[in-house]
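Take a look at the structure below.
Chains as they are written, first to last, in this note's numbering: chain A, 7 to 419; chain B, 7 to 419.
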């Protein structure tokens, strides 16, 4: 079955916004065995949308369309779909109810503008939106079954997995091919180095496609297998995953694509250990990443974001003499910070960061990209220093934070 | 002049790679006054590429195509362009020389495979690549002038600005149009409410297109103007911006699209004021956002991420009796946290958050989405409570943090 993807909206058309929805949808469709042949993007223009819908209708079996289902005047995708289908818009009861419920649940008054979102092309089936006001809809136009979804990524993703994929799988029936994917998250090697390490795996598994995806600063190794025999594909992927683990060792964070903070959280929970953090250059990022995981209050006690030397001394209890002797950015200072934050909070582990995220503040000896990390455990305290070459403040903060968490991960293993 | 963008390659088609090239090119073309009407993506398939090139040739005046110019067997864009143009590939002297020079300069031997990259469709003009081996080319197919560029972003960007844009501007001659855009960031109203507030602006400025962009939790109002007279377009946008300000008042954060943390940072700097933060439910996000701005050490003193009651009492000095009387999530507790963090750090302002980000921990009285915020200034302390209905931990953290910063922003104004 041939699939096409269409994204609509002036923001993506004009380049103000990068269209990441289409890649996400393409991957999801390919995973259930569809062959995505084309993506297109057009702006908020009635004729442009209607005309491309007709084109796709003549070429594809399935199409997923995003954008233009909001309540405002430039949201015209439903109207364009009706135009392409040669029908008209009608108020859909399910859609209206789902919008009303959205507001009711939140004890808010429904804006009259939102009523427009219940107008769907005649003959279409409403796809309820569990996360927003814009219901989607499915409708057949020419030879193609179209799924219209909102452009807000969080809403689109939910509806894609909960509504669209099950419908497509049902449609597919017994003819489906299985497209399976394994996602192995790694940290600590560049994309080129990961690739080089895995060359023999590519050779030994000709039926498996290997893709590398940088979700900075992690590199995710994706293994794709496809075939009619699900068990066979799955077994092949399992075996290839084993080879990747062999080749990359403890650079592998997770064999199911989990990010660093989730892996560290679970390790802490399993050990019934607690953690406190003293952050300088990461500015709260370590703590923000950890508290993004639900249930983090079980192990996360405290983070002190101590930018100034004064706050390091006064609030963490760092000895002034250590900072004076070594400077704020130094393994010894980082060790002292980790020990202090562990002590004042009674945590099992103390983790600290002190470095230079840039753009200014670098010296020859300690250039921008330098990070010192301290890790205090129940039995010892360790200090580390790394220099990264990304030259970008936000990338530096990110790689500093993930490096600190990675050191804790290795300690917990 | 109508422009279309085409990206080729299995990586973008299958979603393994997000196509950020197309957005970049669209913005660059719109900036010089072209009207980008459509982007398309197809895989490394000869017929698919040739057929879409023909389609574009019939619709557009100009087209920029990326990808498939490399030395390997799946790089087939030049062949597809020749097929679409009804011509054949010939070795191009300029192209061959530029490839040879690339290797000579780097004192490397040219791989025989690279010679293939000098094969261009007959009648096309070589566009030299200053940064890689793949030369681009320009060729007219049907009514459209096509520019073929490599897919590697760094090479594409260089060639776009150095080769393509000058050619288009020359072609455009005195007829060029100016496309200007204003980006007004707002916070505090839903997208529907912003739209409703601005209906009269849309009516009064028929030559200006208004677009809303949700960069959660901010809503950005974008005003687009286009015309031959740059001054006139600019004046019209200025006047419309004034009307938006009138309508939205202090919901407007910035008239140049700046995010909340940048606006707050500047206000603090201008006032030579300092800030300390006590974060509970935002878990370091407020502090992470502020420290993303270079130079934040000028005003940002400290953030204590105090998840537990114990750390609030022991490390911030919050009175146990306040927590016992009101509970951790309460305006009075938030006020006490703000006062304490201001006092222990000597900051001009103390800002605090305490709430329930979810997914669990909500009660009937304090449901998930409840946030209490404290703001201690040199003269007083204020407490606030809001309940948001997003029902998602990360969205709640985000809206909590931005709400806290917005209260500080209003205080600083």
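Glycine included, every Cβ here is placed at the ideal spot set by N, Cα and C.
In the DSSP assignment, residue 356(A) is bridged to 282(A), 382(A). In the DSSP annotation of this structure, the continuous segment of the beta strand (DSSP E) that includes residue 307(A) starts and ends at 306-312.
Chain-order list of chain A residues neighbouring residue 46(B): 44, 45, 46, 47, by C-beta distance under 9 Å. Note that the C-beta distance between residue 397(A) and residue 375(A) is below 8 Å. For the C-beta of residue 141(A), not a single chain B residue is nearer than 7 Å; the gap to the nearest is close to 15 Å.
In this structure, the straight-line span from the alpha carbon of residue 349(A) to that of residue 204(A) is close to 43 Å. Annotation for residue 228(B): the continuous beta strand (DSSP E) segment containing it runs 224-233. Comparing alpha carbon positions, the residue from 309(A), 302(A), 134(A), 288(A) closest to residue 402(A) is 288(A). Contacts with chain A at 8 Å (Cβ-Cβ) do not include residue 349(B). Under the 8 Å criterion on CB atoms, residue 22(A) is classed as interfacial with respect to chain B.
In the assembly as shown, residue 322(B) is a buried residue. Its beta-carbon has 16 or more other beta-carbons within 10 Å.
Chain B has a Cβ within less than 8 Å of the Cβ of residue 77(A). In the three-state reduction of the DSSP assignment, residue 47(A) falls in the strand class, which pools E and B. Residues of the stretch 299-324 of chain A whose Cβ lies closer than 9 Å to any Cβ of chain B, in chain order: 299, 300, 301, 302, 303, 306, 307, 308, 309, 310, 311, 312, 313, 314, 316, 317, 320, 321. Contacts between residue 365(A) and chain B, judged by CB atoms closer than 8 Å, involve 300 in chain order. In this structure the stretch 90-102 of chain A touches the stretch 121-134 of chain A; the number of beta carbon pairs closer than 8 Å is three or more. Any Cβ of chain A closer than 8 Å to the Cβ of residue 244(B) would place that residue at the interface, and such an atom is absent. Under a 10 Å Cβ-count criterion, residue 262(B) is classified as exposed, with fewer than 16 other Cβ atoms of the shown protein chains found around its own Cβ. If you draw a straight line from the Cα of residue 136(A) to the Cα of residue 161(A), it is about 8 Å long. The secondary-structure analysis by DSSP pairs residue 132(A) across a beta bridge with 143(A). In the structure shown, the three-state DSSP call for residue 408(A) is helix.
DSSP places residue 19(B) within a helical segment (H, G or I) once states are collapsed to three. The beta strand (DSSP E) runs of length 3 or more contained entirely in the stretch 147-180 of chain A are, from start to end of the chain, 150-155. Three or more Cβ pairs drawn from the stretch 19-31 of chain B and the stretch 16-25 of chain A lie within less than 8 Å of each other, which places the two stretches in contact. For the options 63(B), 52(B), 188(B), the alpha carbon positioned closest to that of residue 241(B) is the one of 188(B). The stretch 341-358 of chain B and the stretch 272-289 of chain B touch, with three or more beta-carbon pairs separated by less than 8 Å.
Per DSSP, residue 58(B) is not a residue of any beta strand (DSSP E); the alpha helix (DSSP H) it occupies stretches across 52-65. Taking a contact as a CB-CB distance under 8 Å, the pair residue 61(B) and residue 7(B) does not count as one, their CB atoms being some 18 Å apart. The beta carbon of residue 120(A) sits closer than 8 Å to some beta carbon of chain B.
Against chain B, the CB of residue 290(A) has a partner CB under 8 Å away; the residue lies at that interface. Only those residues of the stretch 396-414 of chain A whose C-beta falls short of 8 Å from the nearest C-beta of chain B are listed: 399, 400, 403. Each of 373(B), 370(B), 382(B) was checked against the Cα of residue 346(B), and the nearest Cα belongs to 382(B).
Chain A places a beta carbon closer than 8 Å to that of residue 297(B), counting this residue as a contact.
Straight-line spacing of the CA atoms in residue 335(B) and residue 405(B) works out to 16 Å. Residue 16(A) belongs to the set of residues whose beta carbon lies under 8 Å from a beta carbon in chain B.
For residue 220(A), the enclosing beta strand (DSSP E) begins and ends at 215-221.
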